[in-house]
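Line by line, the protein sequences give chains A and B.
Sequential numbering from -4 applies to the first sequence in the numbering used here.
Sequential numbering from 2 applies to the second sequence in the numbering used here.
Using N, Cα and C, we set each Cβ at its ideal position, and we do this for glycine too.
Computed from a predicted model, the values in this text were never measured in an experiment.
All remarks here apply to the structure that follows.
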Amino acid sequence: MTIPTVRYTDERLPNGLRLVISEDHLVPVVAVNLWYDVGSKHEQPGKTGFAHLFEHVMFQGSRHVAKTEHFALVQAAGGSLNGSTWLDRTNYYETVPSHQLELALWLEADRMGTLLEALSQENLDNQRAVVKNEKRSSYDNQPYGTWQEKLFGHLFPDGHPYHHPTIGSMEDLDAASLEDVAAFFRTYYAPNNAVVSIVGDADPGQVRTWVHRYFGPLAANPAIPAFHAQPLPLTLGGERRETVPDRVPLPRIYVGYRAPTLGDRRLYALELAAQVLAGGKGSRLHRRLVRDAQIAQDVAMFGLGFSSGPSVFMGWATVRPDATAEAVEAGFFDELARIGRDAVSDDELGRAKALIETDELAALQRVSERADRLSMYATLLDDPDEINRQLERYLAVTPEDVRAACAECLVPDNRVVLTYVPADVDVDAVAESTEAA
Amino acid sequence: MSVIDPVESALGVRPVPGTPRPFTFPAGVRGRLSGGLALVTVHLPGRPLISASLYLPNGAVDEPAAEGGATVLAARALTEGTLRRDAVALTEASERLGASLRAEAGWDATVAGVDVPAERLGPALELLAELVREPAFPEREVERLRDQRLNDLLQARVDPARRAEEAFIETIYAAGTPYARVAGGRRETVETLDAGILRQAYGRRGDPDRAAFVIGGDLADLDVVGLVEPLFGDLVVGSGSSAASPRVEDGLDRTRVRLVHRPGAVQSELRVGHLGLPRRSPDYHAVTVMAMILGGLFNSRLNMKLREEKGYTYGAGAGYDFRRFAGPFSARAAVNTDATVPALTDLLAELRRIREAAPSDAEMRAARDYLVGVFPLRFETPGPIVGALGGLLTFGLPADELDRYRPAINAVTGADVLAAARTHLHAERLAVIVVGDADAVGADLEKAGIGDVEVVREPDPAAEAA
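Below, the structure is given as structure tokens:
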């Protein structure tokens, strides 16, 4: 099977904006995906959560666009849109019927150029309250909701840019000021810190004209500070464990490992290992813990690739009421040791590759996904053509590659284990005493 | 002399839209297999990943109350082994093809299907036929699936959104109405399910006109009928005699407030609403526009008030869940605990307001333009196109329903929306569900005078599991 090649052009405007265009006229829709090379890793101590709060401010208006009008205009154009913030980046995207592309480009340019002219204390306070409720909804009021903060907190030392969660802390969100917003915008929201990818039913010459017209006059920031992360060894150097009482009926273990940086070929071997270990009903962990021993309710394994330090390879298993977390953990780690010891069979690896192939084919059908990936590879790996190399990189992995990557990564000295247990006392009191300790 | 600002000259004029490129919903070709099953094929050039789904007229709404959850669990058990091979062998065979085999049931239908690259369609369809026609319902696997469902129900007790949903449907529907339970069933009935019950539930047959095999993708080099006919040609999908319609009854005679205690919760999960209307209602399009204005668009009245003005929530919305029979209408938000009563007050005011006057022209335009404009985006790939075509048959809608959709939405007027709100939205007979810290919000909720407050205090979920 061959996956269709994504054809595109890759160029820069004089002000440094990187422009990637890919034509596809199958359906009359077009996707715009704008990545800024700024994420929660750029946040300073005491200002956690700021990159994400800023993303919300980007929807509060600019010189020619009123508060919430960005959403209103794109939706009335028949488009879907949003923004998202992660450790390494922030992105903004619209998918619109193709005759509405110019509007989407104009909206993105207006806020890249003139956001601060619409900024007000009232809007900042409103979005601060919204983001605090996002944190409550997505983390604080969710069962097992603290796992990410805790796992990353253990995998990366205090002060490392990946140590703190993207959503930030309530205290830091409270402290964010208008001056912080303005400084952040002036530093990072410049055309030379962004990639815009446009994929779909559009004429590239016309796209170029519009992008030059709307983004061309925006000033570059010649002084974007270089980003430096404290270099970390690829392994943790010792197991770290934490037991977390929570208001949950079933215990769950989370395990996390440091893994090679995004783009490293070992990460592809680990992704295939994740598929062999926990990708569906035929996988080793599912078969052993869920189907045969019937001690786990569910299992998961996956990688999160990062560009400025170790990536994270992680998973979880939920413990059935009649089983113990110890038994689940023992079986889980036994399988992880085995995959680092004995090579996976050709059949197992072949099945994992076939599924990844279909997943790639499915994902690349959509113009929004192609635009997102072109911007991602341009931003994080400086090469949008990675979109066309992913499958060959997966297919090139051998059973020995999988074994070697797992033997290196999935070792006790490199792991964090969180054990969530049903709290039999007041949860708040437990949380307080843990913090005080 | 004025200074020319290059940014202002570039951005000062808002662009106007170009000419829309025509979009028509991809035409499905309807035929019949020799045994009578409808075959719908939709050729989508340039889409090498084929999506195929068999729609069986067998939904959770059709099952006896005492077997609540059997239909959903039976569908899940289809991929757990056939008369020829066990679950692992079946999964491995499907994985070798890079195919994802799926089988699931909802309220209205059981759907089994596969997504697979075109060149491996033949063997993938053989696997699909095997699990559809020769499911084994192995006892050990059925018991495991049942126990997993019971554990999932335990987990649902501590998930605020799922807990609110459960309390909500129990309140808006009369006891005995299928929709008063979740489609996957409650503990009391799930506990009693076994392989025999699942086999029977899967074997239940309904109206054959609601069954179809739908396949979409780049079919240029495929002999679809030649592949499908030998596998599904003689499949019996209907009983000929339509089963009696289930009883779907309103459970509300007044506004009821139920506060489900979640100790220490930092937010209150809110659900407000009542029984809605069936998908085949003639008011479908007017109600859809109304729900967009009330709580569908980002700039809907609820989201603008509760999020963008007050900051009470990460997002507020409202909508109708359209099913064969009257599904629920609900307005939803998760709000910080302090804001529980003020947020509910604002939410209720918006439910009243949309019944008082027709929306503004700007609101009408925004909702209609969104629904009409986003239509092509929804149908970019084979999966959603196959799903929409299957939905037509499941709901018993006319073949031109999807072609009619955009003109019908465009024809909805402000007066239609007002009439739809007055008919299909009750402001005085509501279920108001709050999953939150009763110790923190209970007293204020009583004082708010929304309705009698019933506080639900449950045993700690941790203790329950032990």
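Cβ neighbours of Glu250 of chain B within its own chain (closer than 6 Å, five residues either side excluded): Ala175, Thr178.
The segment 229 to 277 of chain A is shown to contain whole alpha helix (DSSP H) runs of 4 or more residues at 260 to 273, in chain order.
By a beta-carbon distance limit of 8 Å, Ala317 of chain B contacts Leu303 of chain B. Their separation comes to about 4 Å. Beta-bridge partners of Pro329 of chain B (DSSP): B:Leu276. By the neighbour-count definition (other C-beta atoms within 10 Å, threshold 16), Thr319 of chain A is an exposed residue.
Take Ser331 of chain B, set aside five residues on each side of it, and the residues of its chain with a beta-carbon closer than 6 Å to its own are Arg272, Gly274, in chain order. Per DSSP, reduced to three states, the secondary structure at Gly296 of chain B is helical. Here Ala137 of chain B carries a coil assignment [DSSP, helix/strand/coil].
Look at Gly207 of chain B here: in three-state DSSP terms it is strand.
As DSSP reads the structure, His262 of chain B sits in a beta bridge with B:Gly437. Closest option to Ala157 of chain B, judged by alpha-carbon separation, among A:Gln137, A:Lys42, A:Arg236: A:Gln137. The three-state secondary structure of Leu29 of chain A, taken from DSSP, is strand. Contact annotation for Pro138 of chain A against chain B: Gln156, Val159, Asp160 [CB-CB distance below 8 Å, chain order]. Gln292 of chain A carries a strand assignment under DSSP once its states are collapsed to helix, strand and coil.
The Cβ atoms of Glu81 of chain B and Glu142 of chain B lie closer than 8 Å to each other. Under the three-state reduction of DSSP output, Ile410 of chain B falls in the helix class.
With a threshold of 8 Å between beta carbons, Thr353 of chain A makes contact with chain B. If you look at Asp63 of chain B, you'll find it isn't in any beta strand (DSSP E); DSSP assigns it neither H nor E. In the DSSP assignment, Trp311 of chain A falls outside any alpha helix (DSSP H) and lies within the beta strand (DSSP E) extending over 306 to 314.
Rounded to the nearest whole angstrom, the CA to CA distance from Leu114 of chain A to Ala177 of chain A is 9 Å. By the beta-carbon neighbour count (other beta carbons within 10 angstroms, threshold 16), Thr204 of chain A is exposed. Excluding five sequence positions before and after Val436 of chain B, the CB atoms of its chain that fall closer than 6 Å to its own CB belong to Pro161, Arg164, Ala165, Val261, Arg263, Glu270, given in chain order. Residues of chain A whose Cβ lies closer than 7 Å to the Cβ of Gly47 of chain B are, in chain order, Leu21.
The beta carbon of Cys404 of chain A sits closer than 7 Å to the beta carbons of Tyr252, Ala254, Leu265, Phe308 from its chain, once the five residues preceding and following it are set aside; these are given in chain order.
Within the DSSP secondary-structure output, Gly316 of chain B pairs in no beta bridge.
Taking CB atoms only, Ser101 of chain B has a neighbour in chain A less than 8 Å away.
With a beta-carbon spacing of about 48 Å, Gly218 of chain B and Pro7 of chain B fall beyond the 8 Å limit used to define contacts.
The segment 65 to 108 of chain B is shown to contain whole alpha helix (DSSP H) runs of 4 or more residues at 71 to 78, 88 to 97, in chain order. With respect to the C-alpha of Gln55 of chain A, the residue from A:Leu110, A:Gln39, A:Gly34 having the closest C-alpha is A:Leu110.
Taking all protein chains in view, the Cβ of Ala28 of chain B is surrounded by fewer than 16 other Cβ atoms within 10 Å, so the residue is classified as exposed. Non-local C-beta neighbours of Gly195 of chain A in its own chain, meaning closer than 7 Å and more than five positions away in sequence, comprise Asp19, Val24, Val25, Ala26, Ser93, Val362, ordered along the chain. Here DSSP, grouped into helix, strand and coil, assigns Phe214 of chain B to strand. Neighbours of Tyr315 of chain B across chain A, judged by C-beta separation under 7 Å: Val125, Asn128, Glu129, Ser132. The C-beta of Ala78 of chain B has 16 or more other C-beta atoms within 10 Å across all chains shown, which makes the residue buried. In this structure, the beta-carbon distance from Leu12 of chain B to His59 of chain A falls below 8 Å. The straight-line gap separating the alpha-carbon atoms of Val239 of chain A and Ala171 of chain A is approximately 30 Å.
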